[in-house]
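Residue numbers (our numbering): -4 to 134.
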């Protein structure tokens, strides 16, 4: 149902169908999303993106916290300490990135040999300049 168009933007009224769903069920459904999906969920729904009364975390952050807790190994946890101001979605994104194989996304310069594996780059030209760029973030 739409509100009257007295504003520049029409807004949707809250759906009664979603109101009857409990937070536990919504967190369970959200737990199937990856970190980027949880970010989008939090941005599109105030109920999922903002902590509700009596809660420490938003539903999106709670789903990310549960996924991290259930899926991260002890070794992965030791490599990914949670920073003071880091969200649970941010920590889940770091875990997903840690699990991806290292690769160099961009090769610029001269003398690069064809790569058999994207994590290994050989430069055979000592006269010019060369650089290899990876999208992985150092923690």
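Heads up, the beta-carbon is just placed ideally off N, CA and C, and yes, glycines get one too.
Nothing here was measured: the structure is a model prediction, and the numbers come from that model.
1. Check whether the stretch 82 to 95 and the stretch 108 to 121 touch, using three or more Cβ-Cβ pairs below 8 Å as the test.
2. Taking only three categories from DSSP, how would you classify residue 59?
3. When DSSP builds the beta bridges, which residues end up paired with residue 107?
4. Just mark residue 62 as buried or exposed, buried being the case when its beta carbon has 16 or more other beta carbons within 10 Å.
5. Which residue spans inside the stretch 26 to 82 form an unbroken alpha helix (DSSP H) run of at least 4?
6. Expressed to the nearest angstrom, what Euclidean distance is found between the alpha-carbon atoms of residue 129 and residue 15?
7. Between residue 114 and residue 48, what straight-line distance do the alpha-carbon atoms span, to the nearest angstrom?
8. Less than 8 Å separating the beta-carbons of residue 54 and residue 25?
9. Starting from residue 128, trace the beta strand (DSSP E) in both directions and tell me its first and last residue.
10. Would you mind stating whether residue 84 and residue 34 have Cβ atoms separated by less than 8 Å?
11. Would you kindly check if the distance between the Cβ of residue 44 and the Cβ of residue 38 is under 8 Å?
12. Output the distance between the C-alpha atoms of residue 142 and residue 112, rounded to the nearest integer angstrom.
Reading off the structure:
1. no
2. DSSP, read as helix, strand or coil, puts residue 59 in helix.
3. Answer is 118, bridged to residue 107.
4. buried
5. 30 to 39, 41 to 44, 54 to 66 and 69 to 74
6. 45 Å
7. 47 Å
8. Cβ atoms of residue 54 and residue 25: closer than 8 Å.
9. 125 to 128
10. Pairing residue 84 with residue 34 gives a Cβ-Cβ distance under 8 Å.
11. yes
12. This structure gives no information on residue 142, because the portion of the chain shown stretches from -4 to 134.
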